[in-house]
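Below: one structure, written as structure tokens.
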Amino acid sequence: MKKFRKKIVAGNWKMNKSIAEAVDLAADIKRELAGNVDVDVVLCPPFTALKAVGDIITDTPIKLGAQNMHWETDGAYTGEISAAMLRDIYCHYVILGHSERRAGFHETDALVNRKVKAALAGNLAPIVCVGETLPERQAERQREVVGGQVRKSLAGLGEDLDRVIVAYEPVWAIGTGVNATAAQAQEMHAFIRETLAEMSTAETAAAMRIQYGGSMKPANAAELLAQPDVDGGLVGGASLEARSFVEIVRAAL
Ligand code: PEP
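In case it helps, the working numbering puts the sequence shown at residues 53 to 305.
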């Protein structure tokens with residue numbers, strides 16, 4: 053059964069933008085997107101700019117997201133931020149298991165799973181990233197790798213599974229300018245949805261949103277977003293400028 057899924061486009065600003073720059077960018081996006089109600093739009097600035105960006109978008113449908121969080125609720129975890137702290141500044145989303153965190157900060161599927169559970173318990177919607185590396189794709193192991201990441205990162209969520217957004221981000225496409233083709237993206241998104249159905253029910257999987265990420269730009273967004281199982285985008289580089297981000301959002305309309 054095919055369900056209507058509202059598209060969701062999120063901008064991952066990574067470790068970029070001062071507070072003043074972030075406020076300017078958020079204000080430009082807000083002005084350009086005034087009146088849009090058909091796409092969920094999420095801005096994920098660095099921690100330092102979350103509050104200021106949240107204040108800019110507070111009277112709009114645009115939502116705030118963080119780029120990471122800790123799995124515990126509080127305690128002696130120097131340098132970390134909890135789900136409740138993110139809710140405290142009106143975050144609705146949190147990106148978890150981004151490949152840069154998996155590769156650079158040793159985040160395993162088991163650790164991502166703890167964070168996903170903590171995010172859900174803290175009333176945040178997790179955007180959970182999965183994706184194969186170039187050698188894994190060259191060895192045609194993408195299904196094995198991504199299927200394993202989905203099953204392990206999202207294990208044991210029960211009825212809460214459908215509160216998760218999955219982002220398929222082939223690592224070889226992130227920040228490289230080489231995006232997955234629309235056919236490659238559709239094939240992997242359909243596979244992820246099949247995996248989600250095996251973990252729950254066909255109905256749950258049909259309701260879940262799967263974003264594509266990896267060098268999404270205005271020039272390729274419309275074709276990627278037109279694929280039946282591509283329900284939005286997680287955008288890095290092109291989200292750092294209002295014009296390119298807004299064009300991608302419009303391509304999702
Ligand atoms: C990302 O880091 O999530 C991403 C998709 O980056 P880019 O759009 O720059 O490839």
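Each residue gets a CB set at the ideal place from its N, CA and C atoms; glycine is no exception.
In this text the structure is predicted, and so the values were computed from the model without any measurement.
Jot down the residue ranges of each uninterrupted alpha helix (DSSP H) in the region 188–249, minimum 4 residues, whole runs only, in chain order.
194–205
Can GLY183 be considered in contact with the ligand PEP, in the sense that its beta carbon sits closer than 6 Å to one or more heavy atoms?
no
Under 6 Å Cβ to Cβ from LYS54, same chain only, skipping five residues before and after it: list those, please.
At LYS54, the pLDDT of 48 sits below 50, so the modelled position is not reliable and the matter cannot be decided from this model.
Since PRO178 is in the beta strand (DSSP E), which residue starts that stretch and which ends it?
177–182
Does the beta-carbon of ALA62 have 16 or more other beta-carbons within 10 angstroms, so that it is buried, or is it exposed?
buried
For the ligand PEP, is there any heavy atom lying closer than 6 Å to the beta carbon of ILE60?
no
Buried or exposed for SER291, going by 16 or more other Cβ atoms inside 10 Å?
buried
Is DSSP giving ASP281 helix, strand or coil here?
coil
Hey, would you say ARG261 sits closer than 7 Å to ASP283, going by beta carbons?
yes
Tell me whether LYS82 is buried or exposed, calling it buried when 16 or more other Cβ atoms sit within 10 Å of its Cβ.
buried
Do TYR142 and GLY106 have their CB atoms nearer than 7 Å?
yes
What do you reckon, are the CB atoms on GLY288 and TYR264 nearer than 7 Å?
no
Buried or exposed: LYS69, going by 16 or more other Cβ atoms within 10 Å of its Cβ?
buried
Taking the alpha carbon of ALA259 as the point to measure from, which residue in GLU239, ASP281, VAL223 has its own alpha carbon closest?
ASP281
Pairing CB atoms from the region 239–254 with CB atoms from the region 197–205, are three or more of them under 8 Å?
yes
ALA86 by DSSP, collapsed to three states: which one?
coil
Pick out whichever of SER296, HIS241, THR233, SER151 has its Cα sitting closest to the Cα of GLU275.
THR233
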